[in-house]
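Q: In the working numbering, the protein residues as written are 25 to 592. I have a structure I would like to understand better, so I am pasting it below and will then ask my questions one at a time.
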């Protein structure tokens with residue numbers, strides 16, 4: 025009986041031994057490949073490597089936007105132990121509240137960002153002791169000049185993708201192409217150095233060389249800030265452009281923002297007003313009416329017209345002049361900005377012909393500037409005009425433009441009558457520094473040469489003795505035109521009382537223009553005339569820019585200190 029029991033016990037022990045052995049054998053022989061694959065997948069990590077985002081430089085090679093390495097901390101909540109203790113310690117290390125950290129660590133997921141964009145290596149080292157936490161090296165966009173050219177440059181999101189300005193428009197070129205590394209990760213979710221099994225290198229993004237001159241941009245922003253504060257304006261826009269090739273030397277808006285640290289309040293200021301904000305231009309638009317009349321041979325400079333002493337009824341409409349003029353010749357009508365005079369002269373030009381000249385100047389369509397958010401403006405075709413539309417258009421009403429439209433308009437006059445395409449990127453280079461693209465545009469003649477000569481003479485007199493006399497300088501000669509336009513009332517219709525857009529558009533020097541400058545101030549308080557609000561700003565910016573350009577012509581901006589100067 026005892027021997028039988030001993031035999032049973034032996035059999036039981038043998039079975040107890042064989043069961044795990046058989047289980048192990050089963051797992052190894054039958055399920056071995058399955059579990060081997062799982063283990064491999066748990067250890068192998070596909071690490072995406074993003075290429076370095078291309079730099080953005082001004083025309084002289086000064087850095088306006090660049091990348092630098094930062095560290096981002098992440099966690100696998102499923103393997104983080106003692107979450108309360110970890111959250112307490114990370115509260116001090118990462119500067120994130122205990123409650124927020126616990127919310128992230130308690131999520132039912134395998135991955136969550138804890139904090140991104142850390143620059144301190146000491147912080148990175150201190151988190152390595154925590155199981156389930158990891159570090160990823162990322163790139164962060166920085167703008168060394170701070171707020172300078174913010175509306176041109178734009179901004180990127182947390183993942184370094186362009187969301188505004190040039191960063192958005194040229195995002196595909198700037199960001200390059202991502203690569204990857206197939207590597208191994210340890211139990212704490214850290215990547216193991218030296219265990220790469222496969223790799224595809226990233227391609228770094230292209231570098232943009234802009235038409236912008238950082239120094240002139242700085243001048244423009246200083247003056248825009250001064251106008252914004254002095255007149256408590258809703259917004260200010262300034263464009264400086266080379267009239268011959270369309271290169272934007274400066275584009276400034278106020279209010280602005282710092283793309284290095286965008287807040288929720290800044291989002292409404294990220295809009296590039298100079299290309300997106302539409303407004304009725306007012307009397308600055310008389311330049312196009314004058315160009316059409318002269319180019320068609322419908323008027324001579326000495327032709328006189330009676331300006332009705334400031335009040336003129338046309339059907340149910342009454343036109344007014346600020347001054348009570350009697351007889352004025354065509355030249356003086358433009359110089360003194362007579363609404364009545366230009367309206368009477370425009371009766372000589374057919375609607376279709378006038379419309380064709382408006383289109384020649386690019387009104388009612390986008391200029392094609394390489395920035396996102398450009399508006400085309402508003403210009404109705406002649407079949408939709410009323411009996412008063414041609415008169416309205418001649419004095420800058422029933423039409424909407426943006427500031428870059430006016431820069432193009434004045435450039436056509438300044439350059440001798442040729443079309444021009446505004447642009448802000450001069451050329452592109454790849455990561456090896458080889459040029460891969462350069463702006464090229466073949467202009468066509470729009471106006472007769474003799475038309476432009478006469479018109480430039482008139483616009484020079486506007487500055488010397490007319491409404492633009494506040495733009496007159498002892499340093500240079502200038503031509504230009506003022507604009508003062510009432511703003512439309514979108515709620516009640518008609519025009520909003522007391523709300524104006526003030527403008528001055530001109531070129532310097534008058535005999536051989538080096539630049540076109542347009543200054544627009546939206547809803548200035550106090551004075552609201554283009555001649556008193558914007559013309560002095562045109563003068564200051566023109567003087568400072570020409571002096572600087574003469575200096576750079578001698579020095580070619582070779583001084584390394586100046587090339588890397590950061591404006592305070």
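Cβ atoms here follow ideal geometry from the backbone N, Cα and C, with glycine treated the same way. As the structure is a computational prediction, the values presented were derived from the model and not from experiment.
To the nearest angstrom, report how far apart residue 97 and residue 157 are at their CA atoms.
A: 7 Å
Q: Can you name the start and end residues of the alpha helix (DSSP H) that residue 486 belongs to?
A: 473-489
Q: Going by DSSP, what residues sit across from residue 81 in a beta bridge?
A: For residue 81, which the question treats as bridged, DSSP gives the partners 87, 233.
Q: What runs of the beta strand (DSSP E), each 3 residues or longer, lie entirely inside the stretch 420-457?
A: Listed in chain order, the complete beta strand (DSSP E) runs (minimum 3 residues) inside the stretch 420-457 are 449-453.
Q: At which residues does the alpha helix (DSSP H) containing residue 313 begin and terminate?
A: Bounds of the alpha helix (DSSP H) holding residue 313 are 310-319.
Q: Express the C-alpha separation of residue 539 and residue 436 in angstroms, rounding to a whole number.
A: Between residue 436 and residue 539, the C-alpha separation is close to 12 Å.
Q: Going by C-alpha to C-alpha distance, which of 483, 454, 529, 511 sits closest to residue 610?
A: Any question about residue 610 goes unanswered here, given that the chain covers just 25 to 592.
Q: Rounded to whole angstroms, what's the CA-CA distance from residue 265 to residue 256? Just pull it up for me.
A: Computed Cα separation, rounded: 26 Å.
Q: Quick check: what's the CA-CA separation for residue 252 versus residue 320?
A: Answer to the nearest angstrom: the Cα atoms are 41 Å apart.
Q: Can you check which of these residues, 397, 549, 418, is closest to residue 362 by C-alpha distance?
A: 418
Q: With a 10 Å radius around its C-beta and 16 neighbouring C-beta atoms as the bar for buried, classify residue 371 as buried or exposed.
A: exposed
Q: Could you check if residue 438 is buried or exposed, using at least 16 other CB atoms within 10 Å of its CB as the buried criterion?
A: buried
Q: Hey, is the stretch 525-540 in contact with the stretch 303-314, meaning 3+ C-beta pairs nearer than 8 Å?
A: yes
Q: Note down, in chain order, each residue of its chain lying with its Cβ closer than 6 Å to the Cβ of residue 262, except the 5 sequence neighbours on either side.
A: 244, 248, 276, 543
Q: The alpha helix (DSSP H) spanning residue 507 covers which residue range?
A: From DSSP, residue 507 is part of no alpha helix (DSSP H) but of the beta strand (DSSP E) over 503-512.
Q: Could you give the residue range of the beta strand (DSSP E) that holds residue 519?
A: 519-532
Q: According to DSSP, which residues form a beta bridge with residue 137?
A: 98
Q: I need the DSSP call for residue 547, collapsed to helix, strand or coil.
A: coil
Q: Which residue's Cα is closest to the Cα of residue 189: 196, 183, 179?
A: Nearest to residue 189 by C-alpha distance, out of 196, 183, 179, is 179.
Q: Per DSSP, what are the beta-bridge partners of residue 263 in this structure?
A: 275, 542
Q: Do you know whose CA, among 510, 228, 239, 517, lies nearest residue 552's CA?
A: Measuring from the Cα of residue 552, the nearest candidate turns out to be 510.
Q: Below 8 Å, how does it come out for the stretch 345-359 and the stretch 277-293: are there three or more Cβ pairs, yes or no?
A: no
Q: Residue range of the beta strand (DSSP E) that residue 389 falls in?
A: It is not in any beta strand (DSSP E) - residue 389 carries neither H nor E in the DSSP assignment.
Q: Using the Cα positions of residue 572 and residue 492, report the straight-line distance between them to the nearest angstrom.
A: 24 Å
Q: Less than 7 Å between the beta carbons of residue 78 and residue 229, yes or no?
A: yes
Q: Which term fits residue 466, buried or exposed, when burial requires 16 or more other beta carbons within 10 angstroms of its beta carbon?
A: exposed
Q: Does the count of Cβ pairs from the stretch 420-430 and the stretch 387-402 closer than 8 Å reach three?
A: They touch, by the three-pair rule.
Q: Could you give the C-beta distance for residue 110 and residue 129, rounded to a whole number, given that I count them as a contact under 8 Å?
A: The C-beta distance from residue 110 to residue 129 rounds to 7 Å, short enough to fall under 8 Å.
Q: The alpha helix (DSSP H) that contains residue 114, what's its start and end?
A: 107-118
Q: What does DSSP give as the partner residue(s) for residue 162 in the beta ladder?
A: Partner(s): 94.
Q: Is DSSP giving residue 177 helix, strand or coil here?
A: helix
Q: Give the C-beta separation of residue 232 and residue 138 to the nearest angstrom, bearing in mind that I take them to be a contact with Cβ-Cβ under 8 Å.
A: That pair is no contact at about 34 Å.
Q: Please determine if the stretch 443-453 and the stretch 371-382 are in contact, where contact requires at least 3 C-beta pairs separated by less than 8 Å.
A: no
Q: Under a Cβ-count criterion, where at least 16 other Cβ atoms within 10 Å of its own Cβ denotes burial, should residue 537 be classed as buried or exposed?
A: buried
Q: Report the option in 226, 224, 279, 271 whose CA atom is closest to the CA atom of residue 246.
A: 279
Q: Looking at residue 5: is its Cβ nearer than 7 Å to the Cβ of residue 401?
A: Nothing can be reported for residue 5: it is not among the residues displayed for the chain, which extend from 25 to 592.
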